[in-house]
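Peer 1: Letter by letter, the sequence shown follows residues 922 to 1157 of my numbering.
Below you'll find the structure I mean.
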Amino acid sequence: MDLPRVVFFGRTGADALAFFNLELAAWRGQRLLDCPGGPGSFTALARAAGVESVAADPLYGLSLPELEQRCRDDVAFTMERLARSASLRPDFDLSRFQQGKLEALEAFLTDRRKHPEAYRAAALPSLPFEAASFDLVLCGHLLFCYAPIADGGLSEQPDFDLEWHRLALAELLRVSQREVRIYPAHTIERRPRVHPWVEPLLASLPPGWQGQLEDTAYDEGFEGETPMLRLRRQTP
922 MDLPRVVFFG RTGADALAFF NLELAAWRGQ RLLDCPGGPG SFTALARAAG
972 VESVAADPLY GLSLPELEQR CRDDVAFTME RLARSASLRP DFDLSRFQQG
1022 KLEALEAFLT DRRKHPEAYR AAALPSLPFE AASFDLVLCG HLLFCYAPIA
1072 DGGLSEQPDF DLEWHRLALA ELLRVSQREV RIYPAHTIER RPRVHPWVEP
1122 LLASLPPGWQ GQLEDTAYDE GFEGETPMLR LRRQTP
């Protein structure tokens, strides 16, 4: 599948727990950033679990009606593309997948009304947060996912090239005190492979950081392993 732009397309909190291999109880009382947050329900779920959660997304400057319409339009657009895609298993339940996105949207809209301060309009590779502001930083379905098609991603545009990935990763590391998790770390195709940019990005990590790939049990319709990239700041 290919996309002409980044779609405003959310995941449920349960989805995020699965593809980030995350147990919220381990982060109770800690600060967490979800970037980009999109119209997802994870921030609300994390807050309910006692985590101080903030979401950042370039579209959060729009009004709630605008955000809702943008998401519904993008879900419809993406589902149309997915229905014609050869990259998913024939048995993958697209109707259930779509329903999850709309449920995530409703939860997002409710939480955004109640806690507008938890949603910041911001975009990689430049975030409006001080260094080491968060204990855990999550980045889902942006890095690697929107690399150009020729490099294993979804994007029809060249914007999110390897240099952009270097800058974005450096910014995620800058605002994290302890850990960064990125999903997916694989190519977007029927039988995924580790994304070719994972190796050069790991090789250029700043001193004090180490990274590794971790398998996930998240099912997005692919065949084979769908790894997540986990980066940790080493303690002296």
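Beta carbons are placed, not taken as given, at the ideal position from N, Cα and C, and that holds for glycine.
Keep in mind that this is a model prediction, so the values were computed, not measured.
1) Might you give, ordered along the chain, the residues of its own chain that have their beta carbon closer than 8 Å to the beta carbon of S1125, omitting 5 neighbours on each side?
2) Could you round the C-beta distance between T1137 and F940 to whole angstroms and report it? I think they count as a contact, below 8 Å.
3) Does DSSP put V1101 in a helix, in a strand, or in coil?
4) Report all residues from its chain with a CB closer than 8 Å to the CB of I1070; omit the five preceding and five following residues, and keep chain order.
5) Under DSSP, the beta strand (DSSP E) around C1060 begins and ends at which residues?
6) According to the Cβ coordinates, are W1118 and D1072 closer than 9 Å?
7) Would you grab the beta carbon distance between L1150 and A1106 for me? Rounded to a whole angstrom, and I think it's under 8 Å.
8) Quick test of the definition: if touching needs 3 or more C-beta pairs under 8 Å, does the region 966-978 touch the region 989-1000?
9) Please report the residue range of the beta strand (DSSP E) in which G971 lies.
10) Count the other CB atoms within 10 Å of the CB of L1093; is the residue buried (16 or more) or exposed (fewer)?
11) From what residue to what residue does the beta strand (DSSP E) around G1132 run?
Peer 2: Taking the geometry as given:
1) Hits under 8 Å: R1087.
2) The Cβ separation is near 5 Å, so the contact holds.
3) Here V1101 sits in strand by DSSP.
4) Excluding sequence neighbours, I1070 sits near D923, S1076, E1077.
5) Segment 1055-1061, the beta strand (DSSP E) holding C1060.
6) Against a cut-off of 9 Å, the Cβ pair of D1072 and W1118 comes out as a contact.
7) In this structure L1150 is in contact with A1106, their Cβ atoms being roughly 4 Å apart against a cut-off of 8 Å.
8) Short answer: they don't touch.
9) Segment: none, G971 is in no beta strand (DSSP E) and carries neither H nor E.
10) Buried, since its Cβ has 16 or more Cβ neighbours within 10 Å.
11) Taken as a continuous stretch (DSSP letters only), the beta strand (DSSP E) holding G1132 covers 1130-1135.
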